[in-house]
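Quick notes on the structure that follows.
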Amino acid sequence: MELVTQNFQFLLTGAYYTLLITIVSMFFGLLIGMIVAIARLKGNWFVRNLAKGYVSIIRGTPILVQIFIIYYGLPDFGITLGPLTAAFISLSINISAYLSETFRGAILSVSNGQTEAALSLGLTPWQTMRRVVLPQAARVAIPPLGNTFIGMLKETSLVSVVTVTELLRSAQLLIAQYYVAMPFYVAIALMYWIMSVFFSSILNRMETRLSKAY
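Quick note: the sequence shown uses the working numbering, first residue 71, plus one each step.
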């Protein structure tokens with residue numbers, strides 16, 4: 071493990087990019103996913119089917135193929151993206167399809183009676199969604215959102231194929247330099263595990279607080 075100790079700073083830099091990609095992709099995935107979920111629930115026939123088609127296509131194709139399309143395919147149309155930007159976009163799009171289903175299920179879990187009561191009090195549909203439905207849906211959505219976040223943390227390793235130097239890519243570069251694999255793979259496995267446990271504990275606390283609030 072001496073090689074790991076000597077190159078630990080380099081691995082930490084890779085871990086930083088792993089966290090950065092996870093957080094940024096999750097943030098934009100949440101925004102897109104919420105829009106898609108509301109479109110499927112509240113949109114007209116065309117918007118609902120457009121959102122449904124989006125979810126079907128993204129969930130029905132491998133994330134690795136989506137990464138290749140964004141990074142290697144778009145240049146055919148004159149759109150060239152940097153590795154990190156391509157990672158943000160591809161992972162955000164992919165995760166948004168799954169998050170939209172989480173949000174849709176959470177919103178549907180709120181009884182229609184509460185929506186009708188809010189509307190009868192003079193709230194607009196948007197105010198009803200923002201002040202009544204979404205706060206209650208958030209409590210239902212937190213556990214699956216946490217699982218999705220942890221999954222995204224590990225799936226960032228896939229962007230190593232487009233030369234993003236995240237945690238896995240950092241290990242691969244060190245392996246190519248020293249011709250020793252096991253210490254580096256064990257080290258990054260432990261680092262992924264530590265990050266997963268850390269964020270799981272945070273999400274569990276959030277879930278507990280939301281449960282006490284209702």
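Beta carbons: idealized from backbone N, C-alpha and C, even for Gly.
- Task: Starting from T198, follow the alpha helix (DSSP H) in both directions and report where the run begins and ends.
- Result: Along the sequence shown, one-based indexing puts residue 198 at 128. It spans P195 to T198 - the alpha helix (DSSP H) in which T198 sits, taken as one unbroken run.
- Message: On a Cα-Cα basis, can you pick out the residue from E277, L243 and I149 that is closest to Q206?
- Response: Here residue 206 corresponds to residue number 136 of the sequence shown, with the count starting at 1. Taking only the C-alpha atoms, the option nearest Q206 is E277.
- Item | Residue of L223, A176 and A187 minimising C-alpha distance to P214 | As a working note, residue 214 is residue 144 in the sequence shown. Comparing Cα-Cα distances from P214 to each of L223, A176 and A187, the minimum goes to A176.
- Query: For A156, does the count of other Cβ atoms within 10 angstroms reach 16, so buried, or fall short, so exposed?
  - Reply: Position 86 of the sequence shown, counting from 1, holds the residue named residue 156. Buried, since its Cβ has 16 or more Cβ neighbours within 10 Å.
- Item | Beta carbon of N164 nearer than 9 Å to that of G216 | Residue 164 sits at position 94 when you count from the first residue of the sequence shown. Residue 216 sits at position 146 when you count from the first residue of the sequence shown. The Cβ atoms of N164 and G216 do not sit closer than 9 Å to each other.
- Message: Measuring alpha carbon to alpha carbon, tell me which residue in F219, G192, I212 and Q184 is nearest V202.
- Response: Sequence index remark: in the sequence shown, residue 202 carries index 132 (1-based). Among F219, G192, I212 and Q184, the Cα nearest to that of V202 is on Q184.
- Message: Output needed for S27: all residues of its chain with C-beta closer than 7 Å, excluding positions within five of it in sequence on either side, in chain order.
- Response: Here the chain has residues from 71 to 284 only, and residue 27 is not among them.
- Applying the criterion that 16 or more other CB atoms from any shown protein chain within 10 Å of the CB defines a buried residue, is R174 buried or exposed? The sequence position of residue 174 within the sequence shown is 104, counting from 1. R174 is buried by the Cβ-count criterion.
- Task: Could you have a look at G216 and say whether DSSP puts it in helix, strand or coil?
- Result: Within the sequence shown, the letter at position 146 stands for residue 216. DSSP, reduced to helix, strand and coil, places G216 within a helical segment of the structure shown.
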